[in-house]
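Below is one structure, written out as structure tokens, with a few remarks after it.
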Amino acid sequence: MRSIVVLPTYNEVDNVDSMLAGLDLVDKARRESGAPDASVDVVVVDDSSPDGTADRVKLLGEEYRPGMVNLVVRPRPTGLAAAYRDGFAWALEHGYDAVVQMDADGSHPTAVVPSLLGALDAGADLALGARYIPGGSTDANWAWHRKALSVAGNTYARILLGLPYRDLTGGFKAWRSDLLGAISPVGGDLSGYAFQIHTTYAAHRLGARVVEVPFRFKERVHGTSKMHGRIVSEGVSAVVAMRFNPPTSAEWDPESR
Ligand SMILES: Nc1nc2c(ncn2[C@@H]2O[C@H](COP(=O)(O)OP(=O)(O)O)[C@@H](O)[C@H]2O)c(=O)[nH]1
Ligand SMILES: [Mg+2]
Numbered sequence: 495m496r497s498i499v500v501l502p503t504y505n506e507v508d509n510v511d512s513m514l515a516g517l518d519l520v521d522k523a524r525r526e527s528g529a530p531d532a533s534v535d536v537v538v539v540d541d542s543s544p545d546g547t548a549d550r551v552k553l554l555g556e557e558y559r560p561g562m563v564n565l566v567v568r569p570r571p572t573g574l575a576a577a578y579r580d581g582f583a584w585a586l587e588h589g590y591d592a593v594v595q596m597d598a599d600g601s602h603p604t605a606v607v608p609s610l611l612g613a614l615d616a617g618a619d620l621a622l623g624a625r626y627i628p629g630g631s632t633d634a635n636w637a638w639h640r641k642a643l644s645v646a647g648n649t650y651a652r653i654l655l656g657l658p659y660r661d662l663t664g665g666f667k668a669w670r671s672d673l674l675g676a677i678s679p680v681g682g683d684l685s686g687y688a689f690q691i692h693t694t695y696a697a698h699r700l701g702a703r704v705v706e707v708p709f710r711f712k713e714r715v716h717g718t719s720k721m722h723g724r725i726v727s728e729g730v731s732a733v734v735a736m737r738f739n740p741p742t743s744a745e746w747d748p749e750s751r
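Numbering (the working numbering), first residue to last: 495 to 751.
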């Protein structure tokens, strides 16, 4: 299973070194396991960060296995979801079997990526990194209002959409490519939390096998959050809209795997 990690970045120059170093360890461990096509590549999707993130990634890329570190540069910051749409399209065009999405700020530990990919190896179509299941947790340093918002948002979306998953707003996930390709356009035109909820909801409605993998969410150490109020209000209204107008998706046969 050839895998790729999509890393959206906007002003993450102080975080990309440790992200790539961590993912290199994941790549080495999977390749050493002897499984066929076990490599793990990375594509950084940078929105022309003024702090020079893209140049740093180019430089670092030369230190790793040829072809491991890839870079897509977009002209300006248009949000996390837009960057993911382009990164996912890039991954699908390049024929990867599995696509991991994760934040580039250290909140989603690279050491958990093998467990997400392991869940796909074991037959899942979508593995959700989950903070709110046994074994999962959130950093004590995480601002209390962010945690409260996250817990409330998850409860709200879970109840309104009737979904069984405990972490719907998180953005740490591993997808089988055929499933990801079937839910195009990924997340409609949503951004932020709504995008994350929408994609999991679409997968669920297609009959995908979705599993949750616990992880400890760490607050970022370097750089600043790009979260803003509009992402929250979009989340609130988009979940109601999804409830009455569920995502429509291309045909996908759960037995096609
Ligand atoms: N390419 C790109 N990445 C973004 C954009 N906004 C946020 N990100 C990245 O998305 C990830 C999560 O964003 P973050 O600001 O940490 O949001 P928070 O975790 O909700 O506070 C980080 O890797 C950011 O660099 C954007 O407009 N473009
Ligand atoms: Mg963050």
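Even glycine gets a Cβ: it sits at the ideal position worked out from N, Cα and C.
Query, Result
"Buried versus exposed call for arginine 737 [16 or more other C-beta atoms within 10 Å across all chains shown]", "exposed"
"Assigned secondary structure, phenylalanine 689 (DSSP; H/G/I helix, E/B strand, else coil)", "helix"
"Classification of arginine 652 by the beta-carbon crowding that lies within 10 angstroms, buried from 16 upward", "buried"
"Pocket of ligand 2 defined by Cβ to heavy atom distance under 7 Å", "Asp597, Asp599, Ser601, Arg714 and Ser719"
"Beta-carbon spacing of serine 601, phenylalanine 689 below 8 Å", "no"
"Glutamate 526 beta carbon near ligand 1 (any heavy atom closer than 7 Å)", "no"
"Residue interval of the beta strand (DSSP E) (run including arginine 570)", "Segment: none, arginine 570 is in no beta strand (DSSP E) and carries neither H nor E."
"Integer-rounded CB distance, given that leucine 662 should sit under 8 Å from threonine 694", "6 Å"
"Distance between beta carbons of isoleucine 691 and valine 733, contact taken as under 8 Å", "6 Å"
"Collapsed DSSP secondary structure at threonine 694 in the structure displayed", "helix"
"Inside the segment 657-686 only - alpha helix (DSSP H) runs reaching at least 4 residues", "671-676"
"Rounded Cβ spacing between arginine 703 and aspartate 615 (contact assumed at less than 8 Å)", "The pair is not a contact, with the Cβ atoms about 13 Å apart (cut-off 8 Å)."
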